[in-house]
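Everything below concerns the one structure shown next.
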Amino acid sequence: MRPLVLERRLERIKEVLKRRQKDLVLFVDDVKNEHNFSALIRTCDAVGVLRIYYFHEGGKEVPVNESVSVGSERWVFLERVEDKVSKLKELKDQGFQIVVTWISEESEDFRRVDYTVPTVIVVGNELKGVSEEILPLADRKVKIPMFGMARSLNVSVATGVILYEAERQREEKGMYEKPSLSEEEMERIMERWAFEDVIRRRRG
Ligand SMILES: C[S@@+](CC[C@H](N)C(=O)[O-])C[C@H]1O[C@@H](n2cnc3c(N)ncnc32)[C@H](O)[C@@H]1O
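This note's numbering numbers the first residue of the sequence shown as 4 and each following residue consecutively.
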């Protein structure tokens, strides 16, 4: 028999997995700052994003700051990508629309997009934004309206704003009530996460 504590933990993981949106993906193009990256992960966990792809120039892993992420990196899949164009093409071929954040006149208001269909949201580097090579792959280019002196938001704030619009639309459609993962997928992920969780707790 499993101890009650473990039983409760598994139940909680299962509840989270039931609401994970496997067709809502974040693609992070070279975000350098560890606080920004950690805050992005935390928001993804909150809205049910299961998978984050990230490109990071240079050899170093993006360090996650646990006081910002509060451990949420354990509950999403983080995959580093070397060839961002190929990865986005692959996702497009799988039927995802590619929504690129792009601060320019030609971009449309982010609220005009339907995020209830399979969607990849692409966000960019703190200084340079999303790299231009990605633009030809964009199905939609979106911006968050800005009326102040600054021309852009912090990347983690912008991501939060867009992800919560996606969350609003998906909640309205009842997409958090019906799991997007199959029972098998949930079992597999649960086993892995529960195992890693136990190891981490034992280490203290
Ligand atoms: C600080 S901004 C980059 C600024 C850069 N000079 C540019 O023009 O893209 C970093 C990232 O935050 C997101 N972002 C910031 N403000 C935004 C806005 N108003 N609309 C859409 N995305 C925004 C985008 O993903 C952007 O690539």
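In this text, a Cβ means the ideal position worked out from N, Cα and C, and glycines have one as well.
- At a threshold of 6 Å, residue 149 counts as near ligand 1, since its beta carbon sits closer than that to one of the ligand's heavy atoms.
- Every beta strand (DSSP E) of 3 residues or more that sits fully in the region 17-61 is shown, in chain order, as 24-32, 52-58.
- When beta bridges are read from the DSSP output, residue 117 appears opposite no residue.
- The Cβ-Cβ distance between residue 102 and residue 145 falls below 7 Å.
- Rounded to the nearest whole angstrom, the CA to CA distance from residue 36 to residue 187 is 36 Å.
- DSSP places residue 192 outside any beta strand (DSSP E); the residue lies instead in the alpha helix (DSSP H), whose first and last residues are 186-206.
- Out of 48, 194, 126, 137, the CA that lies nearest to the CA of residue 91 is found in 137.
- Contact annotation, residue 206 with residue 168: C-beta distance approximately 38 Å; criterion of less than 8 Å not satisfied.
- DSSP places residue 147 in the coil class of the three-state scheme, outside both helix and strand.
- Here DSSP, grouped into helix, strand and coil, assigns residue 106 to coil.
- Closest in alpha carbon position to residue 29, among 148, 172, 160, 123, is 123.
- The C-alpha of residue 41 is placed about 7 Å away from the C-alpha of residue 69.
- In this model, residue 178 and residue 57 are separated by some 25 Å (Cα to Cα).
- In this model, residue 50 and residue 6 are separated by some 30 Å (Cα to Cα).
- With a threshold of 16 other beta carbon atoms within 10 Å, residue 72 meets it and is buried.
- Between residue 162 and residue 126 the beta-carbon gap is near 5 Å, inside 8 Å, which marks them as a contact.
- Taking each of 149, 24, 10, 46 in turn and checking the Cα distance to residue 112, the smallest one comes out for 149.
- For residue 81, the uninterrupted beta strand (DSSP E) run begins and ends at 80-83, by DSSP.
- At the C-beta level, residue 81 and residue 106 stay beyond 7 Å of one another.
- A check of alpha carbon separations from residue 53 across 62, 21, 61 identifies 21 as the nearest.
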